[in-house]
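2 protein chains.
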Amino acid sequence: MALKEKLKKLFSPDSVAVIGASDSFDKLGYHVMKSLVKGQYKGKIYPVNPRAENLWGIKTYLSLRDIPGEVDLGIIVVPAPSVPETLHECSKKNVKGVVLITAGYKEIEDSKGEALEREIKEIAGRYEIPIIGPNTFGFVNLTDGVNASFTYEFSLIKKGGVTLISQSGGFCHLCGFLAMEERMGMAKLMSLGNRVNVDFPEALSYFGEEDEATKVIALYIEGLDEPRHLFETIRLVGQKKPIIAYKAGKSEKGDSASRFHTGSLAGNYQIWKGALRQSNILEVTSSEELIDTAKALDICAPLKGPRIAVLSGQAGPGMIAADALEDGDLRLARFTDKTQEKINGLLPPLAIRTNPVDMGPAWYSPETMLDILKMVLEDKETDGVIFIAMFASANLEVTRTMEGLMENIEPFEKPVIACFTAPSGIWDKEITRMDGKKGVAILHTPERAAKAMANLWKANLMMRQ
Amino acid sequence: MALKEKLKKLFSPDSVAVIGASDSFDKLGYHVMKSLVKGQYKGKIYPVNPRAENLWGIKTYLSLRDIPGEVDLGIIVVPAPSVPETLHECSKKNVKGVVLITAGYKEIEDSKGEALEREIKEIAGRYEIPIIGPNTFGFVNLTDGVNASFTYEFSLIKKGGVTLISQSGGFCHLCGFLAMEERMGMAKLMSLGNRVNVDFPEALSYFGEEDEATKVIALYIEGLDEPRHLFETIRLVGQKKPIIAYKAGKSEKGDSASRFHTGSLAGNYQIWKGALRQSNILEVTSSEELIDTAKALDICAPLKGPRIAVLSGQAGPGMIAADALEDGDLRLARFTDKTQEKINGLLPPLAIRTNPVDMGPAWYSPETMLDILKMVLEDKETDGVIFIAMFASANLEVTRTMEGLMENIEPFEKPVIACFTAPSGIWDKEITRMDGKKGVAILHTPERAAKAMANLWKANLMMRQ
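Keeping their order, the protein sequence lines are chains A and B. For the first sequence, position 27 (counting from the first letter as 1) is numbered 230 according to the numbering used here, and the numbering increases by one without interruption. For the second sequence, position 68 (counting from the first letter as 1) is numbered 271 according to the numbering used here, and the numbering increases by one without interruption.
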């Protein structure tokens, strides 16, 4: 069986064995079982524990060899010294792939950890078993409903097209929770851990070339011993799907932290920066920029030119979006005379009617706002639109009406990034329902909307190379 | 009565008349009444409307002169052509100050607007009545519970020490809602509107020198005709309270938008940038940075040196915080041998024990985490601490326990900025209760925590000048 077929069985398994399953809250085997059971995994679950007959209401096996059926994925949470023996058993049982959550390998100061890691690497190589980890929180496949991690809550992330390949489980938790807040749809998220034989190139190739649900790939990179192989893979995959990278360990101190954390030096950041720029890859510099950019790339039409219209219910937020656009190498579109005349017909001479357009006077008329939006999107001088509205007491129902009106229009062929800001609880439902529909991505602030738009433009320039 | 005494009556009135009060949802007079009534204003409310006897269950007057008692603040929402007459009546009634929400003055294309504005400016000058506006959403005084705006929801902002003086009502809405999300405590927020006679210098002097509740002042500036007066005021007030500025209209297009929006050119941004740098003022470049920085300045002890400890429950988020700190001209503290030995005694050799400290193995022991935090705060080589923890299924109760432990310690004399990230609903209550206590500010991401820490350092350098 080729590696990509094994990885398919690993990430989308029909059956999972949890070696070290538990019903005791203070064991990782409890949390892995919770993730599978509460995460509503549809395949077969085989808990393995020599001291239990039934865990989580599921028949439990003394060992892997006692399991009657096939096992696609083995999730291992037993202590490090027992892992080599467990891997031998996985091979005998013809397990296709392993998630090795157990820690205590080359990331620890004790040299025994490194010896144990060499041993499992050798065993995995001999049997050709792909292993995610060790020292990983696991992975979550939202497309198929497989939560092979110790955090059940990842199952609550919205399903979508973004896949995160991370060198840190902590970063997956940060991004996963930000994804929930920002309603970003994800396909998969995984932490590579110590990368015994599944490293960035293997994961990137798989999600880039084999996984249809993955539309955008985000990488969180701390350090690599041989980055060349990664950059070769990026060049291939980057022609098909946009790739975003967040590089950590930029400082000298960060570099040494990386060595302890994942056993690899982060390497000189300037060299990384240059290499990232030369590849088909978009570098982001914060977790929120990663989320915003990945979400916009997944949802919006490509941005094919740098001319942006800013339509805002209030002038101030429109101005700061305009500033942020120009910071990001985009420019404010100059509408055709025809569009400008139409806008002048719709808005009274109370407001700024040129770009950035102050739609204040249209505030009570969502129809007018949508008319302006559609007109601007049809304007040949405009490549994309930022659409902003702040809540005020008098316009309680604006998003609800807009949502209704949006139902009757076609998906936009140019990117639209919106920002609707209101106190918690007021527009939440409408925003949640609208977000992602018709090619509209709703982001958190005017500046973040503009920054994501600038990144759509960078991504477009890269895909063209 | 001196201007500062009139402003005191205006911002903290014992009685308010709403000229143009209404019970019809589509009138601004409805929303102003709602803000006062639902915002639980404790003083006397006098609705004025020639066609009603009772509004919002409150006796309503035909005109200002029919009101039996004193009127400190008049909020005007009648149409622009009726405003001059209303101002004459305000003077006769000895109203101390006015909020003029009505728009349609020099911000409109029609030259009648400019003429009307000259007229009200002349009347206000003759009677020496301070006017906030015209073309403003009003102001909110959270300290004293006065919501003199058309958006009731501002009354839900947490009470605290940050005052926002804005040249845009839309920006106040953006920041007010972000403040709610990020649990930032505010003293006042106001939009200057067209600044007929209360401009940045007047407002800044008042909140800087007369208002004890204001600890930190944030300015949102689009454009000014005579910025010199503002910079003189900044130099005086900036010695007493930290001032943050967000300058919009940086681009040429933004500049022209500013002219339409508030009637003033934004001016060349490079000149502004230089002038801001030379004053005792901290420039921020996004609404979220404004919120984070103002909140940290309000809550935390001053940062007296650039040496920061990063304590993180997970290595990855600690690394990105360390990167962001070094981006912001701070550096990672090198602990004394004594501190390092103690940490080595508390954490097993599984994790990074030097700064940034990976507290992963202490994850199940909040006592150990707090011990490390206290030890590091006592270390003479450390000036401030970033404290990070991501939720995982296994550590559900961590913040609750930490909250309990924090009860028993003294407020920190060095700044502590924390970041606790979890899915919505899991740690919300604990975070809300802990945030702001004992000098700990809880911010949204590791990078934003680090950026705010860097701004504490910049603010400290400025205050020393």
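Every residue, glycine too, gets a C-beta built ideally from N, C-alpha and C. This one's a predicted model, so the numbers in the text were calculated from it and none came from an experiment.
Under 8 Å between C-beta atoms, does residue i make it to chain B?
i         : result
Gln517(A) : yes
Tyr308(A) : no
His376(A) : yes
Thr624(A) : yes
Asp313(A) : yes
Leu359(A) : yes
Ser225(A) : no
Glu633(A) : no
Using DSSP with H/G/I as helix, E/B as strand and the rest coil, what is residue i?
i         : result
Asp414(A) : coil
Cys293(B) : helix
Phe403(A) : helix
Gly277(B) : strand
Val298(B) : coil
Asp561(B) : strand
Lys309(B) : coil
Ile334(A) : strand
Arg398(A) : coil
Leu206(A) : helix
Arg537(B) : coil
Arg268(B) : helix
So which residues on chain A does residue i lean against when the C-beta distance must stay under 9 Å?
i         : result
His432(B) : Near His432(B) there are no residues of chain A at all, since even the closest Cβ is about 22 Å away, more than 9 Å.
Met572(B) : Within 9 Å Cβ-Cβ: nothing; Met572(B) doesn't reach chain A, min ~15 Å.
Glu678(B) : Outside the shown range of chain B (204 to 668) lies residue 678(B), about which nothing can therefore be said.
What does DSSP give as the partner residues of residue i in its beta bridges?
i         : result
Pro250(B) : Val221(B)
Glu486(B) : Ala448(B)
Ile420(A) : Thr366(A), Ile446(A)
Met389(A) : Val365(A)
Ser515(B) : Asp561(B), Ile591(B)
Asn257(B) : Lys262(B)
Ile645(B) : Ala621(B)
Phe342(A) : Ala351(A), Met393(A)
Leu303(B) : Ile279(B)
What does residue i reach in chain A if we use C-beta pairs closer than 7 Å?
i         : result
Gly355(B) : The question names Gly, yet the displayed sequence has Tyr at residue 355(B). Within chain A, the residues near Tyr355(B) are Ser596.
Lys476(B) : Within 7 Å Cβ-Cβ: nothing; Lys476(B) doesn't reach chain A, min ~13 Å.
Phe155(B) : In the structure as shown, chain B starts at 204 and stops at 668, and residue 155(B) therefore has no counterpart that could be examined.
Rounded to whole angstroms, what's the CA-CA distance from residue i to residue j? Just pull it up for me.
i         : j         : result
Leu206(A) : Ala657(A) : 37 Å
Glu384(A) : His647(B) : 11 Å
Asp269(B) : Lys296(B) : 9 Å
Ile511(A) : Leu533(A) : 7 Å
Cys375(B) : Val440(B) : 22 Å
Gly336(B) : Met609(A) : 36 Å
Lys641(A) : Ala621(A) : 12 Å
Tyr308(B) : Cys503(B) : 42 Å
Ser225(B) : Tyr233(B) : 5 Å
Leu493(A) : Gly379(A) : 11 Å
Pro649(B) : Ile326(B) : 52 Å
Ala406(B) : Gln442(A) : 55 Å
Trp660(B) : Thr635(B) : 26 Å
Ser285(A) : Ala592(B) : 30 Å
Using a threshold of 7 Å, is the CB atom of residue i nearer than that to any non-hydrogen atom of the ligand GDP?
i         : result
Ser490(B) : Looking for the ligand GDP in the displayed structure turns up nothing, as the structure carries no ligands at all.
Is any beta-carbon of chain A found at less than 8 Å from that of residue i?
i         : result
Glu491(B) : yes
His291(B) : no
Glu384(B) : yes
Met593(B) : yes
Glu529(B) : yes
Thr648(B) : yes
Ser482(B) : no
Ser627(B) : yes
Phe380(B) : yes
Could you tell me which chain B residues have their CB closer than 7 Å to the CB of residue i, listed as they occur along the chain?
i         : result
Gly373(A) : Gln517, Ala518, Gly519, Pro520, Met593
Give me the chain B residues within the contact set of residue i, using Cβ-Cβ distance strictly less than 9 Å, ordered along the chain.
i         : result
Asp501(A) : In chain order: nothing, as chain B lies at least about 20 Å away.
Lys237(A) : Ser596
Please compile the residues from chain B whose C-beta is within a distance smaller than 8 Å of the C-beta of residue i.
i         : result
Gly452(A) : Met522, Asp526
Just the chain A side, please: which residues come within less than 8 Å of residue i by C-beta, in chain order?
i         : result
Leu231(B) : Ala597
Pro552(B) : Ile311, Glu312, Asp313
Glu425(B) : Gly519, Met522
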